[in-house]
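Below you'll find the structure, written out as structure tokens, and then a few comments.
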Amino acid sequence: NCLYNIGNIHQNKGDHAQSVRYYLKVLRLAELRNDAEMTALTSNALANSLQMQGDLAKAREYYRRSLSWSRLYDKDLMAMNLINLGRLHFVERNYAQALPYAQKALRIRKELGDKAGIRSALEHIGEAYFRMGQLQKAEASFREALATARQIGERLGMATAMIDLAALHQVRKEYRQGVVLARQGLKVLEELGSKEEIREGYQTLTALYEAMGDYRQALKSYKRLVQYQDSLTGLATAGTIAELHTRYDTQKKEQQIKVLSQQGQIQQLQLRQQHLYLGGLGVLVALMTGLGYLFFRHNTLRYQQKTILLEQKLLRTQLNPHFIFNALTAIQQFMYQHSAAEAGKYLAKFAKLMRLILENSRQEYISLRQEIQTLEHYLELQRLRFGDKFDYQIGVDPGLDPEEVTVPPMFAQPLVENSLEHGILHKSDRGLVQVRYHRQGDQLVLEVEDNGVGRQRAGELASVRRPEHVSLATRITQERILLLNRHRNRKVKLKVEDLVDQHQVVMGTKATFAFPFKSN
Numbered sequence: 022n023c024l025y026n027i028g029n030i031h032q033n034k035g036d037h038a039q040s041v042r043y044y045l046k047v048l049r050l051a052e053l054r055n056d057a058e059m060t061a062l063t064s065n066a067l068a069n070s071l072q073m074q075g076d077l078a079k080a081r082e083y084y085r086r087s088l089s090w091s092r093l094y095d096k097d098l099m100a101m102n103l104i105n106l107g108r109l110h111f112v113e114r115n116y117a118q119a120l121p122y123a124q125k126a127l128r129i130r131k132e133l134g135d136k137a138g139i140r141s142a143l144e145h146i147g148e149a150y151f152r153m154g155q156l157q158k159a160e161a162s163f164r165e166a167l168a169t170a171r172q173i174g175e176r177l178g179m180a181t182a183m184i185d186l187a188a189l190h191q192v193r194k195e196y197r198q199g200v201v202l203a204r205q206g207l208k209v210l211e212e213l214g215s216k217e218e219i220r221e222g223y224q225t226l227t228a229l230y231e232a233m234g235d236y237r238q239a240l241k242s243y244k245r246l247v248q249y250q251d252s253l254t255g256l257a258t259a260g261t262i263a264e265l266h267t268r269y270d271t272q273k274k275e276q277q278i279k280v281l282s283q284q285g286q287i288q289q290l291q292l293r294q295q296h297l298y299l300g301g302l303g304v305l306v307a308l309m310t311g312l313g314y315l316f317f318r319h320n321t322l323r324y325q326q327k328t329i330l331l332e333q334k335l336l337r338t339q340l341n342p343h344f345i346f347n348a349l350t351a352i353q354q355f356m357y358q359h360s361a362a363e364a365g366k367y368l369a370k371f372a373k374l375m376r377l378i379l380e381n382s383r384q385e386y387i388s389l390r391q392e393i394q395t396l397e398h399y400l401e402l403q404r405l406r407f408g409d410k411f412d413y414q415i416g417v418d419p420g421l422d423p424e425e426v427t428v429p430p431m432f433a434q435p436l437v438e439n440s441l442e443h444g445i446l447h448k449s450d451r452g453l454v455q456v457r458y459h460r461q462g463d464q465l466v467l468e469v470e471d472n473g474v475g476r477q478r479a480g481e482l483a484s485v486r487r488p489e490h491v492s493l494a495t496r497i498t499q500e501r502i503l504l505l506n507r508h509r510n511r512k513v514k515l516k517v518e519d520l521v522d523q524h525q526v527v528m529g530t531k532a533t534f535a536f537p538f539k540s541n
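Under the working numbering, think of the first position of the sequence shown as 22, with each following residue one higher.
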């Protein structure tokens, strides 16, 4: 009984390797004593831990062993086994087959008057309906489960029902209601320290924030998810579980050997079996360790990639308000200096540009044609602001298909902005901005060239006008490049240089941006 309770404590903490270790000890003792009741109870608990580790075949075997005894002697345990066998169908995505198990368990719980069991069965029924797309029935079951948990003061049941309802709100695109429920549920779960449920809660909360476009909160929630995921999965776990099963099977066979009649035959069988088990155990442990490492490595890379994508989205959401602020400031100046009709024309172009930016900003890559179209609208808008003080040219190498080639959105715009604000603005005669795209090996090269006053002169003028000014567009672009370069063999590069004539007189500035070529 003590060993069984210790196993339960480890299982509740999410430490399934330790719970399996204790349950196997209990099972061995129970079978030696011919204790059918303890064998059935322990088989159910052991199957729970095995299911959490992903060993569905072993879990089903132990659930059925427990169910065969519980049908005759223990309705409470019978309901537990029915729920758990249904959960195996969930893992295999056979939701229609899982539903009858949960419904049978609910009937038994109602016969017993077990409120906690009723809450659990209702939650499983709701989840089955949810996975089958029957959202009204799912919500009814989840809300009944939440009401039952509140009635008996079961905090864990209340929290899990809130997380389930939050996931349902996400599907219905009711994101704010979902966030409120998910945060309430997670607060309770973290107080209870229930790691598996906390991981599922943060998974739901991350998805809700990402759907809302709140990438800062999504990133924060996702990092918490990774922390709990890492605490539940480890490199040595699979090897440890396999070793424990091997030991348990070995001990059972050793007991069978002891009942053989002849001592010589016993010794011969023991020696032969020892060699077989040692060899098999070595191969099995090596294999499981290798598979465990590959699984752990795959998950680590996947988490890193997701984190980088969220950070990239966050940077793009920072860049858009920066650009919008600059453009609205320019509109204000234009309205003060020109007629209402001219200001209206300027505002119409701004609205068209905003639509393009909003369409592109939520995508990791867009077509080169979309990027050029956005850039043209931006330059036309700036020409109005600058009083037609400059010309521009956008060139694409004939070997590139703008419909097929893809680029990260809003990378050219900060470079063009710098050319206009720091080069053309201070120029007395007419300016020219040239944007060129061409392919160089396995890289797409973007060049932004102007005939402005050069970086040194622009810096001197800027220090007089705004002594402590730092270009936000430049800084965000540099941060985006750093993120793109994480875990890449082919690095993204940005080079900015002044153009000089034969007498070393500055003729303008050229920015060259090269990144891996990508097409649809």
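Even for Gly, the Cβ is constructed at its ideal location relative to N, Cα and C.
**Request:** Could you tell me which residues DSSP pairs with E470 in its beta bridges?
**Result:** Q455 and K531
**Prompt:** Straight-line CA distance for E397 to M73?
**Reply:** 55 Å
**Item:** Candidates E144, V517 and Y150, of which the one nearest E165 by Cα
**Value:** E144
**Prompt:** DSSP on P419, reduced to helix/strand/coil?
**Reply:** coil
**Prompt:** How is S388 classed by DSSP in three states: helix, strand or coil?
**Reply:** strand
**Request:** Answer yes or no: the CB of F536 versus the heavy atoms of the ligand ADP, is any distance below 6 Å?
**Result:** Inclusion of the ligand ADP in the displayed structure is not the case, the ligand content being empty and no account of it being possible.
**Item:** Within 7 Å, strictly: CB atoms of F534 and L504
**Value:** no
**Item:** Uninterrupted alpha helix (DSSP H) stretches inside the segment 105 to 164 (no shorter than 4 residues)
**Value:** 116 to 133 and 136 to 152
**Asked** What are the boundary residues of the alpha helix (DSSP H) that includes D185?
**Response** R176 to V192
**Request:** Assuming N105 contacts N69 (C-beta within less than 8 Å), just tell me the rounded distance between them.
**Result:** 7 Å
**Message:** Comparing C-alpha positions only, which one of R92, L71 and G75 sits nearest to Y83?
**Reply:** L71
**C-beta contact flag for A180 and V209 at 7 Å** = yes
**Message:** Cutting at 8 Å between CB atoms, please list the residues of its own chain near E132, excluding the five before and the five after it.
**Reply:** K96
**Asked** L515 lies in the beta strand (DSSP E); which residues open and close that run?
**Response** K514 to V521
**Item:** the segment 443 to 457 contacting the segment 411 to 423, beta-carbon criterion three pairs below 8 Å
**Value:** yes
**Prompt:** What are the boundary residues of the alpha helix (DSSP H) that includes F371?
**Reply:** A361 to N381
**Request:** In angstroms with no decimal places, state the Cα-to-Cα distance between L229 and A239.
**Result:** 8 Å
**Asked** How would you call V437, buried or exposed, if buried means at least 16 neighbouring beta carbons within 10 angstroms?
**Response** buried
**Request:** Look at the alpha carbon of E561 and the alpha carbon of K448, and state the distance between them as a whole number of angstroms.
**Result:** The requested residue 561 is not part of the displayed model; the chain covers only 22 to 541.
**Prompt:** What separation, rounded to the nearest whole angstrom, lies between the Cα atoms of A401 and R193?
**Reply:** The identity of residue 401 in the sequence shown is Glu, whereas the question assumes Ala. So the alpha carbons of these two residues sit roughly 41 Å apart.
**Message:** Using a Cβ-Cβ cutoff of less than 8 Å, which residues in the same chain neighbour S64 once the five nearest sequence positions on both sides are dropped?
**Reply:** L48, Y83, Y84, R86 and S87
**Beta-ladder partner(s) of Y413, from DSSP** = V454
**Request:** In angstroms with no decimal places, state the Cα-to-Cα distance between S440 and R245.
**Result:** 42 Å
**Message:** Suppose you measure from the CA of E380 to the CA of V428; what does that come to, to the nearest Å?
**Reply:** 14 Å
**Span separating the alpha-carbon of L265 from that of F111** = Unreliable placement is indicated for L265, whose pLDDT of 47 sits below 50; no coordinate value is reported for it.
**Asked** DSSP beta-bridge partners for V9?
**Response** It is not possible to answer for residue 9, since the shown part of the chain is limited to 22 through 541.
**Asked** Which first and last residues belong to the alpha helix (DSSP H) in which G234 is found?
**Response** Neither: G234 is in no alpha helix (DSSP H) and is coded neither H nor E.
**Message:** Tell me the rounded alpha-carbon separation between G255 and A232.
**Reply:** Residue placement at G255 cannot be trusted, given a pLDDT of 46 that sits under 50; what the coordinates show is reported in the next sentence. Each residue's Cα considered, the two are about 30 Å apart.
**Request:** Using a threshold of 7 Å, state whether the C-beta atoms of G107 and A119 are closer than that.
**Result:** yes
**Request:** Go to I27, then tell me how far its alpha helix (DSSP H) extends in each direction, as first and last residue.
**Result:** C23 to N33
**Message:** By the three-class DSSP mapping on this structure, what secondary structure does Q238 have?
**Reply:** helix
**Request:** My understanding is that R81 touches L62, with C-beta atoms under 8 Å, so please give their C-beta distance in whole angstroms.
**Result:** Not quite, the Cβ-Cβ distance comes to about 17 Å (not below 8 Å), so this is no contact.
**Request:** Taking the CB atoms as reference points, tell me whether L177 and L213 lie closer together than 7 Å.
**Result:** yes
**Prompt:** Taking Cβ to Cβ, would you say P430 is nearer than 7 Å to I387?
**Reply:** yes
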